[in-house]
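The structure under discussion appears below in the form of structure tokens.
In structure tokens:
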């Protein structure tokens, strides 16, 4: 388009910025969304099952696969050396994140790859890479209700001392042999400090105005405590660049190391041309890589890669082989402590729920007041049944607010699960126990306020049984409703026999509403609800174990 055509197009789309800009962006977003939905790129409920079916049919060769092959990284070889700072540079979408994930052992299972990554000569299956190398995403995910200190304390509690225990034991032994008295403050710090700051390899990506300070601190850690860091930065400042020992350049899915002063962009490369006696020509990425391999540094690297690493040079504690840092009991206690802390931080929600329940209980008491509640006919029984049904529905829907709170915490859970902080059951069991406790408190409040005011069966035992039934409420609703109706209508107040029938009034009411009029149905309902509680929480734990959500 020429200048006038471009100008006219912009004026047609956005004539008045204050009024037309939003409409233009909405049209743009609508076109993108419609195309994504039709291509099944957006993860909706329908497209999920369609994709599963499509994948199954592709596996059976019934339908041809429409997936396209895309190479992310090619011909990647190199060594990340200990006690050194390595900078990973490259334009967006060049494969930097994929390279970091591969080194940290966090590549997606549906990606096909060849080659291997080794730590001190050990394959990935010979140790636990998630607890040996830490990949820190550009967008980190944390629980907003917890302070920085509490977040680090929980991380420390889950990870334990790791390999530091053997190191401290060896250090103490040598100090005793040499008659060396350690500094008391340093001794306390080393014994108390958990392995939370870094692992032996930190693959991290950092931003904002504090990049220089962060990289400087990482450099001190790497040099003094003999760690290793591979960091990806986008356009670092010169003073930040100077802090690194090695540089990895990556572009268009090819990788080469330490070729300074060059650029592979056709638009920008010419300004870096240093051979003034020769006319400029564009140097491709392949030529850069071949030039590095023919360079003495590239040849030295190739010779080193050709010789397998001697595993005898590696310390036994250098690589972590335990899946979790502490015992299962300690992991359960740590998760329970955090869940209780989060409930305290969200106490407003639970207080509001209790207040809401109290208000609804007061409304129920005024609506179903005992002076207006009689036990003379089936019609009276239906009024009681309506009050009990309302009780069941109120208790059930009062817990729906927990669903959104649980979903909001899932990204943090997925991150910590993949980093092997704890297993899924250690996360779900404390949540279930504490939620049931809250539910029991809410039910107790409702029953205490409404039971005798409404005029249910005047028996302490029946009141406790209603509380147990409501405390275990889950779907399907029929078991809870049948149990609570049996508990009420098979009581003494409904035991008088109606005329022309051998059944009591309570039994007649239950039969008229289509419920089972047997006393054992109370315990059958309670047992069914208890079974559903365990079943749903078991399924919840399985889902947390095997399902994934993109949080990076």
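Residue numbers (the working numbering): 234 to 785. Note that the Cβ used here is the ideal one computed from N, Cα and C, for glycine as well.
Check: If we ignore side chains and look at the alpha-carbon of each, how far apart do residue 682 and residue 652 end up?; Outcome: 47 Å
Check: In angstroms with no decimal places, state the Cα-to-Cα distance between residue 237 and residue 643.; Outcome: 52 Å
Check: Look up residue 352 in the DSSP assignment and give the residues it is bridged to.; Outcome: 355
Check: Does the distance from the CB of residue 330 to the CB of residue 481 come in under 8 Å?; Outcome: no
Check: Can you tell me where the alpha helix (DSSP H) with residue 557 in it begins and where it stops?; Outcome: Neither: residue 557 is in no alpha helix (DSSP H) and is coded neither H nor E.
Check: Taking the straight line between their C-alpha atoms, what separation do you get for residue 626 and residue 586?; Outcome: 15 Å
Check: Which residue wins for smallest C-alpha separation from residue 375, given the options 385, 367, 461?; Outcome: 385
Check: Using the Cβ count rule (16 or more neighbours within 10 Å means buried), how would you classify residue 332?; Outcome: buried
Check: State the beta-bridge partners of residue 737 as determined by DSSP.; Outcome: 730
Check: Could you pull the start and end residues of the alpha helix (DSSP H) that residue 589 belongs to?; Outcome: 580-600
Check: Could you give the C-beta distance for residue 391 and residue 567, rounded to a whole number, given that I count them as a contact under 8 Å?; Outcome: 6 Å
Check: Take the Cβ of residue 543 as the centre, count every other Cβ of all protein chains shown within 10 Å, and call the residue buried at 16 or more, exposed below.; Outcome: exposed
Check: Hey, out of 717, 667, 647, 572, whose CA is closest to residue 779's CA?; Outcome: 647
Check: Could you tell me whether the Cβ atoms of residue 663 and residue 572 are closer together than 8 Å?; Outcome: yes
Check: State the start and end residues of the unbroken alpha helix (DSSP H) segment that holds residue 544.; Outcome: No alpha helix (DSSP H) contains residue 544, which DSSP labels as neither H nor E.
Check: Can you tell me which of the three DSSP states residue 185 falls into?; Outcome: Because the chain spans 234 through 785 in this model, residue 185 falls outside it and cannot be assessed.
Check: For the alpha helix (DSSP H) containing residue 618, name the first residue and the last one.; Outcome: 611-630
Check: By alpha-carbon positions, which one of 595, 420, 334, 476 ends up nearest to residue 445?; Outcome: 476
Check: Can you give me the Cβ contacts of residue 377 inside the same chain, cut-off strictly under 8 Å, excluding the 5 residues immediately before and after it?; Outcome: none
Check: Since residue 479 sits in a beta bridge, which residues does DSSP pair it with?; Outcome: 319
Check: Closer than 7 Å by C-beta to residue 621: which residues in its own chain qualify, once you throw out the five before and the five after it? Chain order, please.; Outcome: 717, 718, 721
Check: In whole angstroms, what separates the C-alpha of residue 726 from that of residue 592?; Outcome: 28 Å
Check: So, helix, strand or coil for residue 654, using DSSP?; Outcome: coil
Check: Let me know if residue 245 comes out buried or exposed under the rule of 16 or more other beta-carbons within 10 Å of its beta-carbon.; Outcome: exposed
Check: Taking Cβ positions, are residue 688 and residue 606 nearer each other than 8 Å?; Outcome: yes
Check: Got a sec? Which residues, its chain only, sit under 6 Å from residue 434 by beta carbon, not counting five neighbours each side?; Outcome: In this prediction, residue 434 scores a pLDDT of 36, lower than 50, which makes its location untrustworthy; the coordinate-derived value is nonetheless stated afterwards. So the qualifying residues of the chain are 366, 461.
Check: State yes or no: is the C-beta of residue 739 within less than 8 Å of the C-beta of residue 695?; Outcome: no
Check: Measure the alpha-carbon distance for residue 189 versus residue 412 and round it to whole angstroms.; Outcome: No answer is possible for residue 189: the residues shown for the chain start at 234 and end at 785.
Check: If we count the other Cβ atoms within 10 Å of its Cβ and call it buried at 16 or more, is residue 437 buried or exposed?; Outcome: Confidence is the limiting factor: at residue 437 the pLDDT is only 43, short of 50, which leaves the residue's position unreliable and the question unanswerable from this model.
Check: At the level of alpha carbons, what is the spacing between residue 729 and residue 775?; Outcome: 50 Å
Check: Would residue 624 and residue 679 be called neighbours here (beta carbons separated by less than 8 Å)?; Outcome: yes
Check: Return the CA-CA distance between residue 296 and residue 288, expressed in angstroms with no decimal places.; Outcome: 9 Å
Check: Looking only at its own chain, which residues have a Cβ that is under 7 Å from the Cβ of residue 692, when we skip the five neighbours before and after it?; Outcome: 724
Check: Taking the beta carbon of residue 853 as the centre, do at least 16 other beta carbons fall within 10 Å, making it buried, or is it exposed?; Outcome: There is no way to answer for residue 853, as the model of the chain reaches only from 234 to 785.
Check: For residue 248, name the three-state secondary structure that DSSP assigns.; Outcome: coil
Check: Quick one, are the C-beta atoms of residue 701 and residue 766 less than 8 Å apart?; Outcome: no
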